[in-house]
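K.L.:
Take the sequence shown: its letter number 110 is residue 109 in numbering that gives the first Met the number 0, and every next letter is one higher. No residue lacks a Cβ here, since even glycine has one placed at the ideal position from N, Cα and C.
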Amino acid sequence: MFNDPKVLEHTKGRSPKKVIIVKGKLVNIVLSLLICLLLSSCGYHLVGSGQLPFNSATIEGVDNRTYEPRLEERLHKALSEEFLAQGIRVMSTKGGDLELKPTVTYFAMTPIAEVGGRVQEYAIVMKVNVRLKVREEIIELKDVESPLRITFKAESSVRDVVMEKEKATDRACREIAREIINKLLIRYAK
0 MFNDPKVLEH
10 TKGRSPKKVI
20 IVKGKLVNIV
30 LSLLICLLLS
40 SCGYHLVGSG
50 QLPFNSATIE
60 GVDNRTYEPR
70 LEERLHKALS
80 EEFLAQGIRV
90 MSTKGGDLEL
100 KPTVTYFAMT
110 PIAEVGGRVQ
120 EYAIVMKVNV
130 RLKVREEIIE
140 LKDVESPLRI
150 TFKAESSVRD
160 VVMEKEKATD
170 RACREIAREI
180 INKLLIRYAK
């Protein structure tokens with residue numbers, strides 16, 4: 000190909016490899032611009048907290064209807080941190096533009112891997128119902144759970160397994176908090 004007289008004539012003294020590399024970069028730039036134009040013309044856009052109909056949130060006490068202790072504290076903390084990360088103030092008393100009443104309805108630690116009759120890995124499954132009030136509109140979110148599978152290893156002592164379970168439970172609460180916020184962002188995307 001590089002010895003072809005047409006290619007050599009077309010390069011006008013430049014190295015044929017450089018011409019091909021420059022053309023490849025140009026094609027990448029043109030394709031990137033074309034994709035950006037297509038996405039922007041199809042109505043896709045980034046959604047942020049600036050487009051939400053609320054600037055502050057009040058998280059009422061979390062109701063824990065499971066036998067797992069301290070889920071209410073963990074979920075409340077995860078929700079507060081996620082709202083703050085999205086630029087939404089968290090009010091300690093009623094009066095936020097958004098009011099949340101979360102209820103933990105299900106919690107299970109399910110074995111997913113075992114070797115020789117001994118469990119090696121567990122999955123945490125947690126479900127939450129949320130009652131939201133945005134101004135006068137009431138929204139019910141049922142059985143919100145983490146979109147990710149939350150697992151932890153159970154390979155060592157009981158103490159280590161308990162510590163890993165605690166970390167996995169916190170991670171499940173964070174993922175559920177993110178999922179609740181994502182559902183709100185999608186609902187109010189303009």
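1) State the beta-bridge partners of T104 as determined by DSSP.
2) What does a CB cutoff of less than 7 angstroms around V89 pick up in its chain, not counting 5 residues either side in sequence?
3) Between the Cα of G94 and the Cα atoms of R134, R148, E165, which residue gives the shortest distance?
4) Mapping DSSP to helix, strand and coil, what is L45?
5) Is T109 near Y121, with beta carbons less than 8 angstroms apart?
6) With DSSP as the reference, identify every bridge partner of P110, one or two as the case may be.
7) Is it a yes or a no for the region 114–133 touching the region 168–181, going by three-plus beta-carbon pairs under 8 angstroms?
8) Roughly how many whole angstroms lie between the Cα atoms of V157 and F151?
9) Near I111, what residues of its chain come up, given a Cβ to Cβ distance below 7 angstroms and the 5 sequence neighbours on each side ignored?
10) If you reduce the DSSP assignment to three classes, tell me which class L184 lands in.
11) How many angstroms separate the CA atom of V114 from the CA atom of S145?
12) With a threshold of 8 angstroms on Cβ separation, who are the neighbours of K164 within its own chain once the five nearest residues in sequence on each side are excluded?
13) What separation, rounded to the nearest whole angstrom, lies between the Cα atoms of R130 and G116?
14) Helix, strand or coil for R64? Go by DSSP, reduced to three states.
15) Would you mind reading off the limits of the alpha helix (DSSP H) that contains E80?
P.N.:
Well, looking at it:
1) Mapped onto the sequence shown, residue 104 falls at position 105. None; T104 has no bridge partner.
2) Reading the sequence shown from its first residue, position 90 is the one you call residue 89. So the list reads A56, I58, S79, F82, L83, once near-sequence residues are dropped.
3) On the sequence shown, position 95 is the one that residue 94 refers to. From the listed residues R134, R148, E165, the smallest Cα separation to G94 is found for R134.
4) For the purposes of this step, residue 45 is identified with residue 46 of the sequence shown, where counting begins at 1. Any reading at L45 needs caution, since the residue's pLDDT is 49, under 50, leaving its predicted position unreliable; the model's value is listed next. Coil, per DSSP.
5) Translated into the one-based positions of the sequence shown, residue 109 becomes position 110. Translated into the one-based positions of the sequence shown, residue 121 becomes position 122. Result yes, Cβ atoms of T109 and Y121 sit closer than 8 angstroms.
6) As a working mapping, residue 110 is identified with position 111 in the sequence shown. P110 pairs with Y121.
7) Yes: the two stretches touch, three or more of their Cβ pairs being nearer than 8 angstroms.
8) As a working mapping, residue 157 is identified with position 158 in the sequence shown. As a working mapping, residue 151 is identified with position 152 in the sequence shown. About 13 angstroms.
9) Indexing the sequence shown from 1 puts residue 111 at position 112. Excluding its 5 nearest sequence neighbours in each direction, I111 has C-beta neighbours in its own chain below 7 angstroms: E120, Y121, A122, T150, listed in chain order.
10) One-based indexing of the sequence shown puts residue 184 at position 185. Helix.
11) Here residue 114 refers to the residue found at position 115 of the sequence shown. Here residue 145 refers to the residue found at position 146 of the sequence shown. Their backbone Cα atoms lie some 27 angstroms apart in a straight line.
12) As a position in the sequence shown, residue 164 is number 165, starting the count at 1. Once the five neighbours on either side are set aside, the close Cβ partners of K164 are M108, Y121, I123, F151.
13) The count along the sequence shown starts at 1 and reaches residue 130 at position 131. The count along the sequence shown starts at 1 and reaches residue 116 at position 117. Distance between the alpha carbons of R130 and G116 is about 42 angstroms.
14) Taking the first residue of the sequence shown as position 1, residue 64 is located at position 65. Looking at R64 - three-state DSSP - the assignment turns out to be coil, as it is neither helix nor strand.
15) On the sequence shown, position 81 is the one that residue 80 refers to. That run of the alpha helix (DSSP H) goes 70–84.
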